[in-house]
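What follows is a set of notes on a single structure, which appears directly below.
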Amino acid sequence: MYVLRRWAVRHARLLESVYSVLDRALDALRPLARLIGYARLERPVAAIERAAKGALFDCRMCGACVLSVTGMACPMNCPKSLRNGPCGGVRADGGCEVEPGMQCVWIEANHGAARMRAGALPTKPNPPLEHQYQGRSSWLRVLRQEPWPASLVTQAPPRSDEALAASRLESLLRSGTFVVTSECSPPDSADPGDVLTRTHHYEGWVDALNVTDAPGAHCHMSSLGVSLILARHGWEPVMQMTCRDRNRIAIQGDILAAAALGIGNLLCLTGDGIGNGDDPGAKPVFDLDAVSLLDTARRLRDDGLYRSGRMLTGRPRLFLGAVDNPFVPPFDLRPMRLGRKVAAGARFVQTQYCFDVPMLERYMHAVRAQGLHQRCHILVGVGPLTSARSARWMRNHVPGVHIPDELITRIERASDPKAEGVRICVEQIVRIRAIEGVAGIHLMAPKNEHLIAEIVSESGLLSGRAQPVQH
Ligand code: SF4
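For the sequence shown, our numbering begins at 100 and goes up steadily by one.
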């Protein structure tokens, strides 16, 4: 099947022509289908469609076929069910984060789309799957001229509460302050004291703290709970929300709860695969992807509507963010995917760890060419490498991390690897800050939080501030 699937992508142009003939045939068959009755046709047509598309595309009969806009690569073969990929975990050789033996479906989609008439994947985002259509024939839906799920907005309209910043982080970024954010990992505990003891390394050094949402698919205290504890103690939390563990009903409820409890920053992610975690038997949900999650949060805020169209009586105030990974393939698709996230509502972006500044410069060049740096604030992820061994471990085990060999060699040859790691991090921050369009640094130092103060101080990130960091 996999061989045929790859054949289909290589022959996407031919299949596009076959599909346009099929389209015309369906048009001609419409009167006959009406005569027989669509309900009677559903089972036999779905069976034929399943056999034909199953063989060619490994089709899963999602009932909302998007092959014509995904280069004849079925996105249902993506283990995270991304309708707007690729994720940030693509391996350096183009292999899938979750199933390394398979090429990333979205790299295939990119190749297929390049062969088709449009010549590239469309920038227009795909809507999330409507699960009630699963198993039903897409061909019959076309024949029946049934409304297809509306595409997500291609450009989020201005926010209804644009004049008011939703959070302290948003105010700082709007004022042009070069911000510093970091990450607070949630504890395996029900004691709020265990959250607060983790924060003392950050005091006076960072503008906001990201609260990770079951990072690496490991269970911990929820990001909503940790964010609330932090907010109550004067911290500025950035609540992360992944699509891996909740469906759209739970997600929307949690967004409203977060905003009601005074959490103003929401970072929307797809999330790591379940297989990376400590409970690989858990069910991966991925009902939405990061783009449709952003669109969902934006609709709640700007339109006062749930995804279903039902109205809210009070809208959440939110500063919406997303993540991006400029350091893994397909490099040419990364700015386009960022564009989709910005269109869906992202107004700040945090990147994966940057250990390769020239690569970041190339990415930022493409981002500036599309004007994306003017529509969202870009915060670049950095962190200290404390030994060559841990650097190699990160490169091999953390999805989406790219560390050049020269950097590892430099640390290996240093008499004090930890101090060298800090030096490298400081050098990189200084170079990154000089890149046009970068609005801040996202400093990640899990298990090395004691290095935060030294790195921020040595790199002069806070010098020249009119006011000290608030907490
Ligand atoms: S790398 Fe990510 S986007 Fe690509 S197929 Fe795997 S899970 Fe899906």
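Idealized CB from N, CA, C, for every residue including glycine.
Here the alpha carbon of L387 sits roughly 42 Å from the alpha carbon of A518.
Distance check between N547 and each of V204, G363, H300 and G413 places H300 closest, using alpha-carbon atoms only. Residue pairing for C367: DSSP places it in a beta bridge opposite M340 and A421. Bridge partners of I477 according to DSSP: V448 and V537.
Not one heavy atom of ligand 1 lies closer than 7 Å to the C-beta of C173. In this structure, C158 has its CB at a distance of at least 7 Å from all heavy atoms of ligand 1. DSSP places C524 within a helical segment (H, G or I) once states are collapsed to three. In the DSSP annotation of this structure, N547 is not part of any alpha helix (DSSP H), being labelled neither H nor E.
Shown here, M410 sits in a strand according to DSSP, grouped into three states.
In the three-state scheme derived from DSSP, where H, G and I count as helix and E and B as strand, S489 is classed as helix. Non-local C-beta neighbours of A212 in its own chain, meaning closer than 6 Å and more than five positions away in sequence, comprise G170, A219 and L220, ordered along the chain.
The Cβ atoms of S274 and M543 lie no closer than 8 Å to each other. The beta-carbon separation of L560 and I531, rounded to 10 Å, does not stay under the 8 Å limit for a contact. Annotated three-state conformation of L484 is coil, per DSSP.
Using a 10 angstroms sphere on the CB of A289, the tally of other CB atoms stays under 16, which defines it as exposed. Setting aside the 5 residues that flank it on each side, V466 is surrounded in the same chain by P434, L437, H472, I477 and G536, each with a C-beta closer than 8 Å to its C-beta; the list follows chain order. Put simply, the residues with a CB less than 6 Å from any heavy atom of ligand 1 are C177, P178, K179, L181, G184, P185, C186, G188, V189, C195, E196, V197, C203, V204 and W205, in chain order. With a 10 Å radius around the Cβ and a threshold of 16 neighbouring Cβ atoms, Q202 comes out buried. In this structure, P503 sits away from I510, with a CB-CB distance that is not shorter than 8 Å. Residue environment for G352: exposed (fewer than 16 other C-beta atoms within 10 angstroms of its C-beta). Here C164 has S237 as same chain residues with Cβ atoms under 6 Å from its own Cβ, once five neighbours each way along the sequence are excluded. Within the model, the alpha-carbon separation for V422 versus R139 is close to 46 Å. In the three-state reduction of the DSSP assignment, L387 falls in the coil class. For E505, the enclosing alpha helix (DSSP H) has its first and last residue at D504 to R512. An exposed status is given to E526, since fewer than 16 other beta-carbon atoms sit within 10 Å of its beta-carbon. Residues L242 of the same chain have their beta carbon placed closer than 8 Å to that of L128, with the five preceding and five following residues left out of the count.
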